[in-house]
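Written below as structure tokens is the structure these notes are about.
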Amino acid sequence: MTIDNTRMNKRAAVLVAGSWGTALASVLANNGYRVMLWTRNEQQAEAINQTRENSRFLPGVPLPEGLHATTSLQEALLGAELALFVAPSAAMREVAAQAARHLEPETVVAHATKGFETGTLKRMTTVLAEELGRPLEKLVVLSGPSHAEEVIRKQPTTVVVASADVSYAEQVQDALMNNDFRVYTNSDVVGVEVAGAIKNIIALGAGLTDGLGFGDNAKAALLTRGLAEIGRLGAAMGANPLTFAGLAGVGDLVVTCTSKHSRNWRAGNMLADGTPLDDVLSRMGMVVEGVKTTKAAYELAEQYQVEMPITAQLHAVLFAGKEPKEAARDLMGRVRTHEIEKLG
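Using my numbering, the first residue of the sequence shown is number 565, and each one after it goes up by one.
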């Protein structure tokens, strides 16, 4: 790939150094940016800088020369034209609060985290707006079908960036776009964030039904009805229903529910054989956003008075000890209803 010389010497910060953050940092570095990848872990930062790979999350893949790790937020954000937050949803507020004092006014802010804040049920752009003191319309969200394991190996990937002020989305689009990583823009921030969060719940269900041996017919039904739940909640929260037919909706739903790379699918698959949730999370060794999102979405469904039966049954499995087979049976035994629903 030929580096765009117009990006040379531009700086970008990526917070934090998980698999997705590292993959996006690599995209930026391959595009000619000087990228600072922030982590709290001094050993991880040293290892990345010395070995030129993130051996914990993406072993065996060399990182671009323009990417360097640091434990200093001040160093990471100094002179950054773009700050990309990729912290887990449970840590986003804390990371944003720490970054706020070092963030420069002209820095474009985006996030690529898929989930809601537990307790407040707030979307990540809302959390960032509150902690950074920035208007919501100036914040950008990145989502879409994009496994880190493929992005970092430059396998063809297409995502979407959304902002109420599309000019900010276009700046992030310009920073990330290359021959391997195609980026579309969208103005529906709510729809993109809701789709990115809820699809992780459906992926848990897909892993669980696969683990129970239910077959392709059941998975197709789960994905289809899962998309209906995404659209139902999204519309209630003010999203554009057309967003759910795009990359952030159908695209991300399919890849997360069918891929071996999906940590939510793997977690659901382990739950199917009766493995306790705590053991599943311990064995995963990585954040499984779908677990916390199931709790948040269950509460959002009650708040907005929308029906989300898949979410409700997974909530019962995860937090009330319900047997997976019983949950699946209850889903199939629901009263008859129409397939096509009015979303707005």
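Glycine included, every Cβ here is placed at the ideal spot set by N, Cα and C.
Ordered along the chain, which non-local residues of its own chain (more than five positions away) have a Cβ less than 8 Å from that of residue i?
i      : result
Tyr862 : Met872, Thr875, Ala876, His879
Asn605 : Ala581, Thr635
Glu714 : Thr721, His825
Starting from the C-beta of residue i, find all residues in its chain whose C-beta is less than 6 Å away, skip the five residues before and the five after it, and write them out in chain order.
i      : result
Thr566 : Residue placement at Thr566 cannot be trusted, given a pLDDT of 46 that sits under 50; the coordinates are not used to answer.
Lys763 : Asp816, Leu817, Thr820
Met559 : No statement about residue 559 is possible, as the shown extent of the chain runs from 565 to 908 and does not include it.
Ser583 : Phe621, Leu622, Ala712
Leu646 : Ala576, Val672, Ala739
Say yes only if the C-beta of residue i is nearer than 7 Å to one or more non-hydrogen atoms of the ligand HEM, and no if none qualify.
i      : result
Pro699 : Here there are no bound small molecules, and the ligand HEM is not part of this structure.
Starting from residue i, follow its DSSP beta bridges and name the residues at the other end.
i      : result
Met909 : Residue numbering for the chain in the displayed model covers 565 to 908; residue 909 lies beyond these limits and cannot be assessed.
Phe649 : Leu579, His675
Ala726 : Val705, Asn750
Arg687 : Phe680
Asn618 : Leu622
Thr721 : Phe745
Go through its chain and collect everything with a Cβ distance to residue i's Cβ below 7 Å, but skip five positions before and after it.
i      : result
Ala654 : Thr682, Lys856
Glu695 : Arg657, Ala660, Ala661, Ala664
Val723 : Leu706, Ser707, Gly708, Ser710, Val747, Leu811
Met910 : The chain is shown only over 565 to 908; residue 910 falls outside these bounds and no answer can be derived.
Leu588 : Val578, Leu648, Val650, Ala676
Ala728 : Leu700, Glu701, Ser751, Val753
Taking the C-alpha atoms as reference points, what is the distance between residue i and residue j?
i      : j      : result
Asp894 : Glu887 : 11 Å
Leu811 : Gln735 : 19 Å
Leu740 : Ala733 : 11 Å
Phe935 : Thr603 : The structure shown does not extend to residue 935, since the chain spans only 565 to 908, so no value can be given for it.
Gln608 : Asn618 : 8 Å
Val580 : Leu601 : 7 Å
Arg598 : Ala799 : 39 Å
Asn833 : Ala712 : 20 Å
Leu703 : Asp752 : 12 Å
Asn613 : His632 : 6 Å
Leu592 : Ala576 : 8 Å
Ala767 : Gly854 : 8 Å
Val852 : Thr839 : 15 Å
Gly908 : Ala759 : Caution is warranted here: a pLDDT of 45 is assigned to Gly908, below 50, making its placement in the model unreliable, and the coordinate value is therefore given only provisionally. Roughly 16 Å separates the two Cα atoms.
Leu692 : Gln719 : 30 Å
Thr586 : Ala809 : 28 Å
Glu639 : Gly596 : 19 Å
Ala782 : Arg717 : 32 Å
Lys807 : Leu791 : The displayed chain sequence assigns Thr, not Lys, to residue 807. The straight-line gap from Cα to Cα measures roughly 11 Å.
Val844 : Glu670 : 42 Å
Buried or exposed for residue i, please, with buried defined as at least 16 other CB atoms from any protein chain shown within 10 angstroms of its CB.
i      : result
Phe883 : exposed
Arg847 : exposed
Glu629 : exposed
Asp774 : buried
Gly769 : buried
Gln737 : buried
Ala803 : buried
Thr615 : exposed
Gly624 : exposed
Ser590 : buried
Alpha helix (DSSP H) segments (min. 4 residues) lying fully within the region 839-883: 841-848, 853-868, 873-883
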